[in-house]
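If you read the sequences in order, they're chains V and R. Those letters in the first sequence? Residues 5 to 234, per the numbering used here, in order. Those letters in the second sequence? Residues 46 to 260, per the numbering used here, in order.
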Amino acid sequence: MEGVHDLGGVHGFGPVVPTPADDRPFKAEWQRRIFGIALALTGNVVVKMHEIRYARERMEPAAYLASDYFEQWLASVETCLAESRLVSFAEVDEAAARIRGGEAAQPAAERPELTGRLRAGIFDRPTGTTETVSGRFEVGASVKAVTARPVGHTRLPGYVRGRTGRVVRRLAASALPDRSAHDEGDEPHAAYQVEFDLGDVWGTEADQNATIRLDVWDDYLETFPSEDRT
Amino acid sequence: MRRQHSGEASPTAGRYPVDPVELDLRTRALEALLIERGLLGADTVATVVSVYEDDIGPLLGARVVARAWTDAAFKQRLLTDAPSACWELGIGGQQSQHLVAVENTEWVHNVIVCTLCSCYPWPVLGVPPTFYKSPAYRSRIVREPRKVLHDDFGLVLAHDVEVRVHDMSGETRYFVLPRRPPGTDHLDEEQLRELVTRDSMIGVAVPVAGDTRGG
Chain V
5 MEGVHDLGGV
15 HGFGPVVPTP
25 ADDRPFKAEW
35 QRRIFGIALA
45 LTGNVVVKMH
55 EIRYARERME
65 PAAYLASDYF
75 EQWLASVETC
85 LAESRLVSFA
95 EVDEAAARIR
105 GGEAAQPAAE
115 RPELTGRLRA
125 GIFDRPTGTT
135 ETVSGRFEVG
145 ASVKAVTARP
155 VGHTRLPGYV
165 RGRTGRVVRR
175 LAASALPDRS
185 AHDEGDEPHA
195 AYQVEFDLGD
205 VWGTEADQNA
215 TIRLDVWDDY
225 LETFPSEDRT
Chain R
46 MRRQHSGEAS
56 PTAGRYPVDP
66 VELDLRTRAL
76 EALLIERGLL
86 GADTVATVVS
96 VYEDDIGPLL
106 GARVVARAWT
116 DAAFKQRLLT
126 DAPSACWELG
136 IGGQQSQHLV
146 AVENTEWVHN
156 VIVCTLCSCY
166 PWPVLGVPPT
176 FYKSPAYRSR
186 IVREPRKVLH
196 DDFGLVLAHD
206 VEVRVHDMSG
216 ETRYFVLPRR
226 PPGTDHLDEE
236 QLRELVTRDS
246 MIGVAVPVAG
256 DTRGG
């Protein structure tokens, strides 16, 4: 999606303000709440991370830029729950109104098995596969990012579209977000880390001794005319 | 989730941003509804939050770095298979499968970012700091990294040092293995851990001898 979230290279945001070393992750109870909710829903695969990201990208542009980081999380979680028909926006509106009106919270049961499973997932030895599905390119290959700009979810930033780089690493194969976010399949696709010179991306005024490396799925790279069209 | 067509309104049109009172009400409402529907327990949110407030943070990454500085064989294992090396130090979790450590050298300085959202190497660094998530960082670090490091973080890099920015656009979660600072030969692993800052593992700072994390 060609949204405002695709921020690489955008001018106008001013200086970066460093964060103190002892900064705490959460500044308010509501931030803790949405953090816990989002991790629980994605950890238990009620909602996919690819869907959370696409939902966030679908915020109104001005709202995305004006919202607190965790507010973006709330907007994307609500969108995912509404579209999978688990909780509607109206139901949250009504429940919030009742709480605002002074309704006491209902006593609620703990779910030790569900919670325990989630917690274990944060600490367990990972069991994911590192299979490398073979892609078209070897390390060292010159590759060109596609220029297509899809309306759905994608993870190729606009600033490298159409640019030529070099494969520097083969990565573990993984589901292509462009398909997985839209329930079109989670089968693993080949991926690489690709290096681009800053000068090639931004022009002659850019730092000439700097590079950007991105994780790029094989699907984001053009087929060269010399290749077989089989 | 279906694709949104270009002329279609956002599903949250008109709803955001809102003030903190509303955010508090909405999140409480959402949590209550999810508990009611069996998707959360009353203990779930508190448990997950406490893990990231108390257990998982840059102290874990500092242990990995200090071990790599003092044990050459571990360092090699870290650079070739970070998930397994981190597991040796008890660092795990599903996301750790995607960890890759990138080494700073005399000629290359690494820095990480996620321009599209805020992906971050959580298993070794915890929750990302505010600057990392900011539009200013996400937009500028891939375009003028040396300038951002110099102007905003006070980190000066000579022009013959390549600045290498890793944009976490995919599944890999990169973190920086900074260089061991000079003047630290007399320090043991535990003392070296004190020098490894969150920002040095992001790449916007370098560890300095005599400069502990406490500040």
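All C-beta atoms in this analysis are idealised placements derived from N, C-alpha and C, irrespective of residue type, glycine included. From a predicted model like this one, the values you see are computed outputs, not experimental measurements.
Residues of chain R with a Cβ closer than 7 Å to the Cβ of H186(V) are, in chain order, M46, R47, R48. Shown here, G47(V) sits in a helix according to DSSP, grouped into three states. Chain-ordered, the chain V residues with CB closer than 9 Å to the CB of Q139(R) read G47, G125, I126, D128, P130, T131, G132.
Residue contact with chain R for R153(V): absent (no Cβ-Cβ distance below 8 Å to any residue of chain R). Interface annotation, A107(R): not in contact with chain V, CB-CB separation never under 8 Å. Here Q121(R) is exposed: its Cβ has fewer than 16 other Cβ atoms, across all protein chains shown, within 10 Å. Only residues of its own chain outside the window of five on either side were considered, and among them K148, A149, V150, T151 have a CB closer than 8 Å to the CB of G166(V), listed in chain order. Across the structure, G16(V) and V93(R) are spaced so that their CA atoms are roughly 36 Å apart.
Around the beta carbon of E133(R), fewer than 16 other beta carbons sit within 10 angstroms, so the residue counts as exposed. For H193(V), the enclosing beta strand (DSSP E) has its first and last residue at 192 to 201. The beta carbon of E55(V) falls within 8 Å of a beta carbon belonging to chain R, placing the residue at that interface.
Beta-bridge pairing by DSSP links F220(R) to A146(R).
Taken through DSSP and simplified to helix, strand or coil, T175(R) comes out as helix.
Residue state for R185(R) is assigned as helix, using DSSP reduced to three classes.
Under DSSP, I157(R) takes part in a beta bridge, and its partners are H211(R). Distance check between Y97(R) and each of Y196(V), G162(V), R123(V) places R123(V) closest, using alpha-carbon atoms only.
For A70(V), no beta strand (DSSP E) segment is defined; the enclosing uninterrupted segment is the alpha helix (DSSP H) at 65 to 70. Sequence-ordered contacts of the stretch 73 to 91 of chain R with chain V read R73, A74, L75, E76, A77, L78, L79, I80, E81, R82, G83, L84, L85, G86, A87, D88, T89, V90, A91 [C-beta pairs closer than 8 Å]. Contact with chain R is absent for F141(V), since none of that chain's Cβ atoms lies less than 8 Å from the residue's Cβ.
Nearest Cα to R217(V) within the set T227(V), L202(V), E226(V), T208(V): L202(V). Secondary structure within the stretch 81 to 106 of chain R: the alpha helix (DSSP H) runs of 4 or more consecutive residues, fully enclosed, are 89 to 95 (chain order). Counting other Cβ atoms within 10 Å of its Cβ, A108(V) stays below 16 and is therefore classed as exposed. By the criterion of a C-beta distance shorter than 7 Å, S163(R) is surrounded in its chain by P173, Y177, K178, once the five residues flanking it on both sides are discounted. By the rule that beta-carbons nearer than 8 Å mark a contact, E75(V) touches chain R. Here E189(R) is buried. Its C-beta has 16 or more other C-beta atoms within 10 Å. Assigned with DSSP and collapsed to three states, L90(V) falls in coil, not helix or strand. Following the DSSP letters along the chain, one finds W132(R) inside the alpha helix (DSSP H) bounded by residues 127 to 133. Rounded to the nearest angstrom, the gap between the Cα atoms of L11(V) and Q236(R) is 39 Å. Close to L218(V), with beta-carbon spacing below 7 Å, are these residues of chain R in chain order: D212, S214. Relative to the Cα of V169(R), the nearest Cα in the group A127(R), M213(R), L232(R) belongs to A127(R). When DSSP states are grouped into helix, strand and coil, D26(V) belongs to the coil group. Neighbours of G171(R) in chain V, taken as residues at a C-beta separation under 8 Å, are given in chain order as P29.
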